[in-house]
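Visitor: Protein sequence lines, in the order shown, are assigned to chains A and B. Each step along the first sequence adds one to the number in this note's numbering, with nothing skipped, and position 144 is 150. Each step along the second sequence adds one to the number in this note's numbering, with nothing skipped, and position 59 is 60.
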Amino acid sequence: MNGAHFVVKALQQQGVKQVFGYPGGAIMPVYDALYDCGVDHLLCRHEQGAAMAAIGYARSTGGVGVCIATSGPGATNLITGLADALLDSVPIVAITGQVASPLIGTDAFQEVDVLGMSLSCTKHSFMVQRAEDLGSVIAQAFEVARSGRPGPVLVDIPKDIQLAAIEHACITHEVTEPDAPVQADIDAARTLISQAKKPLLYVGGGVTLAHAEAELRDFLAKTKMPSMTTLKGIGTIAPDQYAFLGMVGMHGTKAANYAVQEADLLVVAGARFDDRVTGKLDEFAVNAKVIHLDIDAAELGKLRQADVAIAADLKQVLPQLAMPLDIAPWQQHVLAMKQEYQWRYDHPGEAIYAPLLLKQLSDMAPKNTVVACDVGQHQMWVAQHIEFDSPRDHLSSSGLGTMGFGVPAAVGAQVARPQDTVIAVSGDGSFMMNVQELGTIKRRKLPVKILLIDNQRLGMVRQWQKLFFEGRYSETILTDNPDFVALAAAFDIPGETIVVKEQVQGALERMLNSEGAYILHVAISEEENVWPLVPPGAANDKMMEECE
Amino acid sequence: MLHHLSVSAEHSPELLERVLRVMRHRGFHVQNMQMNLVTENRQVELQVALASERAIELLTNQLAKLIGVTSVQVLEQASAAKLVAVK
Chain A
7 MNGAHFVVKA LQQQGVKQVF GYPGGAIMPV YDALYDCGVD HLLCRHEQGA AMAAIGYARS
67 TGGVGVCIAT SGPGATNLIT GLADALLDSV PIVAITGQVA SPLIGTDAFQ EVDVLGMSLS
127 CTKHSFMVQR AEDLGSVIAQ AFEVARSGRP GPVLVDIPKD IQLAAIEHAC ITHEVTEPDA
187 PVQADIDAAR TLISQAKKPL LYVGGGVTLA HAEAELRDFL AKTKMPSMTT LKGIGTIAPD
247 QYAFLGMVGM HGTKAANYAV QEADLLVVAG ARFDDRVTGK LDEFAVNAKV IHLDIDAAEL
307 GKLRQADVAI AADLKQVLPQ LAMPLDIAPW QQHVLAMKQE YQWRYDHPGE AIYAPLLLKQ
367 LSDMAPKNTV VACDVGQHQM WVAQHIEFDS PRDHLSSSGL GTMGFGVPAA VGAQVARPQD
427 TVIAVSGDGS FMMNVQELGT IKRRKLPVKI LLIDNQRLGM VRQWQKLFFE GRYSETILTD
487 NPDFVALAAA FDIPGETIVV KEQVQGALER MLNSEGAYIL HVAISEEENV WPLVPPGAAN
547 DKMMEECE
Chain B
2 MLHHLSVSAE HSPELLERVL RVMRHRGFHV QNMQMNLVTE NRQVELQVAL ASERAIELLT
62 NQLAKLIGVT SVQVLEQASA AKLVAVK
């Protein structure tokens, strides 16, 4: 057995059945080992697509995604995917080939200092220096990727180590458990919760990463505390949950943004006071004390000092904080705001209104449908107008905001969940960023649906140019877009274009009922913008609305 | 403001880059640094003086979660001066 075969064996020992990647010179021994080993490899058409497919696979299942690339350009092409996984705390393991050990540092063909490059975009990275270390390094990579606050891990393997003979090597690695919460902190948090008159639960992606969705829903059932989520927290709380206000922040709901400014206690679960959530930080939730719960101690006190900070597993902490509350006036006030500020879909004219389109899709899509977004206006409309029962059904590049994420993430999700409907909702700007992954959809005959919302603009940038740069539309006009339906047809993906409201219902039905992949190309006006909007530097209750 | 840190970590070829990158990225500027490799147990001991207007906990929390870092201690000015004098 050589090092490459041992790598594949170590992957199998971790339960890996699916990997995404792209071969090349320095990773050829691993591809030779993959040829007949039983681990399924899906060839993506760019390494960035492979990394994002691994992210889609991981996020839609809760497991670890794996991607593989060669040295040099293969590895550099992975970098955006690794950064995306780091910002959204997604457990993926990236394996890269490296030039042979004697050539490292000689500027050899396709040699880049991948370890050095990885330092700022991974949770951790390894360069394997001895063949006998391969087993323990792979095992440690998976442990680091999924433990604590999850994240991407890179393993760089020189070609000579892939080819080295291995007779016996260890594949195990010691697993460390997180510390239990301190009882005094739990008691202090319970006291704050019991004394609060206007408590509000602020839920981030950390709840899902901790596999603590059930504990969170039990907490809400017991406390009936009003609640809101971040972009990554969407789906953690059931849409019909009592006094659930939706997403908070720059494009959050008015009810959530007003409530957070009125609250006297924020219970923060697996969230990190991101600037897209808080608006002007020192005016965010100014009346509230803070209980901050997170597995990552470095998040506690980073942006907002907490009155009680607990660095522990949310699965353990949340049940200890649940208690019935006597907050009826606050609940009624919040529910009244929720009613007053609910989304409205009455929109004049025949042109397709994207929020209504997505509401219709939300109503029509089967249960357990996965929606993978790209980045921009359509991403915010998805967050606002599609209802999700599980956070694993909503794949959105939240921290890094990576255009081009949607289609490859949908590929990864569809491979992971072949029985579920998977829809990539994209914009005409984002779609072109990883359009080569249509080739991956064709190769595997994946039934991914693509809803392409096309305003012939880089819409979110244009919106900011209109509002904050005096309408100077610098490089955001895309009237020279290709014929998207013809482009998809070149990859054997059928589809259609719609331009008016009355076409929407039938077209969505055809897309959802199609057996294979399908593209529904939707033309909308470039004048449609995302509302409400908390402008830069403003507090969350200073929202701009359409009439302004 | 000047902060003094003592960092212990398992040795790896890229350890120093890893630690210095976090210091720079989080807004701390190295003013003085001493590194010793204890070969018997492959442990690295770092003494670093850093300038920043930010609270030192913002850095120590980030350093503490690096894989391989075994301890991060904030030294008082007096003890930091003593350490430098001894060395």
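Every residue gets a Cβ at the ideal spot worked out from N, C-alpha and C, and that includes glycine.
Check whether the Cβ atoms of T236 of chain A and M256 of chain A lie closer than 8 angstroms to each other.
Guide: No, they are not a contact pair.
Visitor: So with Cβ pairs under 8 angstroms, would you call Q74 of chain B a contact of chain A?
Guide: Q74 of chain B does not count as touching chain A.
Visitor: Please confirm whether R19 of chain B has its beta-carbon closer than 8 angstroms to some beta-carbon of chain A.
Guide: With 8 angstroms as the cut-off, R19 of chain B counts as an interface residue toward chain A.
Visitor: For V454 of chain A, I'd like the list of residues in its chain whose CB is within less than 8 angstroms of its CB, leaving aside the five on either flank, ordered along the chain.
Guide: Taken in chain order, the residues that qualify are V413, A416, V417, Q420, V428, I429, A430, I447 and A523.
Visitor: Check whether the Cβ atoms of L458 of chain A and I499 of chain A lie closer than 8 angstroms to each other.
Guide: Not in contact: L458 of chain A and I499 of chain A (Cβ atoms no closer than 8 angstroms).
Visitor: Are P164 of chain A and Q104 of chain A close, meaning C-beta to C-beta below 8 angstroms?
Guide: Result yes, Cβ atoms of P164 of chain A and Q104 of chain A sit closer than 8 angstroms.
Visitor: For the alpha helix (DSSP H) containing Y331 of chain A, name the first residue and the last one.
Guide: Going by the sequence as given, residue 331 of chain A is Leu instead of Tyr. L331 of chain A -> no alpha helix (DSSP H), and no H or E assigned at all.
Visitor: Using a Cβ-Cβ cut-off of 8 angstroms, state whether G303 of chain A counts as contacting chain B.
Guide: As written in the sequence, residue 303 of chain A is Ala, which differs from the Gly given in the question. Closer than 8 angstroms to some Cβ of chain B, the Cβ of A303 of chain A qualifies, so yes.
Visitor: Given a cut-off of 8 angstroms on the beta-carbon distance, is the pair H400 of chain A and I240 of chain A in contact?
Guide: Cβ distance < 8 angstroms, so H400 of chain A and I240 of chain A count as in contact.
Visitor: With a cut-off of 8 angstroms, does the C-beta of V274 of chain A fall near any C-beta of chain B?
Guide: No, V274 of chain A lies away from the interface with chain B (no Cβ there is under 8 angstroms from its Cβ).
Visitor: Would Q20 of chain A count as contacting chain B if we go by Cβ distances under 8 angstroms?
Guide: It does not: the Cβ of Q20 of chain A has no partner Cβ on chain B nearer than 8 angstroms.
Visitor: For the region 127–158 of chain A, list the alpha helix (DSSP H) runs that are entirely contained and at least 4 residues long, ordered along the chain.
Guide: Correct list: 140–152.
Visitor: Just tell me which of A:D547, A:Q442, A:L324 and A:G21 has its CA closest to the CA of F497 of chain A.
Guide: Of A:D547, A:Q442, A:L324 and A:G21, the residue nearest in Cα terms is A:Q442.
Visitor: At a Cβ threshold of 8 angstroms, is L47 of chain B touching chain A?
Guide: No, its Cβ sits nowhere closer than 8 angstroms to a Cβ of chain A.
Visitor: What three-state label does DSSP hand L464 of chain A in the structure shown?
Guide: Three-state result, L464 of chain A: coil.
Visitor: Does G477 of chain A come out as helix, strand or coil in the three-state DSSP assignment?
Guide: Three-state result, G477 of chain A: coil.
Visitor: With DSSP collapsed to three states, give me the class of V87 of chain B.
Guide: No answer about V87 of chain B holds up, because its pLDDT of 48 lies below 50 and its placement is not dependable.
Visitor: Jot down the residue ranges of each uninterrupted alpha helix (DSSP H) in the region 206–267 of chain A, minimum 4 residues, whole runs only, in chain order.
Guide: For the region 206–267 of chain A, whole alpha helix (DSSP H) runs of length 4 or above, ordered along the chain, are 212–215 and 219–229.
Visitor: Of all the CB atoms in chain B, is at least one closer than 8 angstroms to the CB of G405 of chain A?
Guide: It does not: the Cβ of G405 of chain A has no partner Cβ on chain B nearer than 8 angstroms.
Visitor: Within 8 angstroms (strictly less), CB to CB, does E11 of chain B reach chain A?
Guide: Closer than 8 angstroms: no.
Visitor: Measuring CB to CB, does V25 of chain A end up less than 8 angstroms from H47 of chain A?
Guide: Closer than 8 angstroms, so yes.
Visitor: Roughly how many angstroms separate the alpha carbons of K472 of chain A and R478 of chain A, rounded to a whole number?
Guide: Roughly 7 angstroms between the two C-alpha positions.
Visitor: Looking only at its chain, what residues have a beta carbon closer than 7 angstroms to the beta carbon of G407 of chain A, apart from the 5 residues adjacent to it on each side?
Guide: Result list for G407 of chain A: V381, in chain order.
Visitor: How do the region 11–24 of chain B and the region 63–71 of chain B stand: do at least 3 beta-carbon pairs fall below 8 angstroms, yes or no?
Guide: At 8 angstroms Cβ cutoff, the stretches touch.
Visitor: Let me check understanding here. Comparing Cα to Cα, which of A:D246, A:S95 and A:Q201 lies closest to R223 of chain A?
Guide: Of the listed residues, the one whose Cα sits closest to R223 of chain A is A:D246.
Visitor: Considering only residues of the region 78–124 of chain A, which uninterrupted beta strand (DSSP E) runs meet the minimum length of 3 residues and lie entirely inside it, listed in chain order?
Guide: Entirely contained in the region 78–124 of chain A, the beta strand (DSSP E) runs reaching 3 residues are, in chain order, 98–104.
Visitor: In or out: H26 of chain B buried (at least 16 other Cβ within 10 Å) or exposed?
Guide: Exposed, by the Cβ-count rule.
Visitor: So for E54 of chain B, helix, strand or coil by DSSP?
Guide: Three-state DSSP puts E54 of chain B in coil, outside helix and strand.
Visitor: Please name the residues in the region 109–124 of chain A whose beta-carbon is closer than 7 angstroms to at least one beta-carbon of chain D, in chain order.
Guide: Given the protein chain composition of this structure (A and B), no chain D is represented.
Visitor: Give a yes or no on whether the minimum CB-CB distance between N62 of chain B and chain A is below 8 angstroms.
Guide: N62 of chain B counts as touching chain A.
Visitor: What does the alpha-carbon distance come out to for the pair D319 of chain A and I301 of chain A?
Guide: In a straight line, the C-alpha of D319 of chain A is about 5 angstroms away from that of I301 of chain A.
Visitor: Buried or exposed: D113 of chain A, going by 16 or more other Cβ atoms within 10 Å of its Cβ?
Guide: Classification for D113 of chain A: exposed.
Visitor: Show which residues of chain A have a CB atom less than 8 angstroms away from the CB atom of H26 of chain B.
Guide: Those within 8 angstroms of H26 of chain B in chain A are S126.
Visitor: Counting C-beta neighbours from all protein chains within 10 Å, is the total for M2 of chain B 16 or more, i.e. buried, or is it exposed?
Guide: With fewer than 16 other Cβ atoms within 10 Å, it is exposed.
Visitor: Does DSSP put Y524 of chain A in a helix, a strand or coil?
Guide: In this structure, Y524 of chain A counts as strand in the three-state DSSP scheme.
Visitor: Applying the 10 Å Cβ sphere with the 16-neighbour rule, what's the burial state of D94 of chain A?
Guide: Flag for D94 of chain A reads buried.
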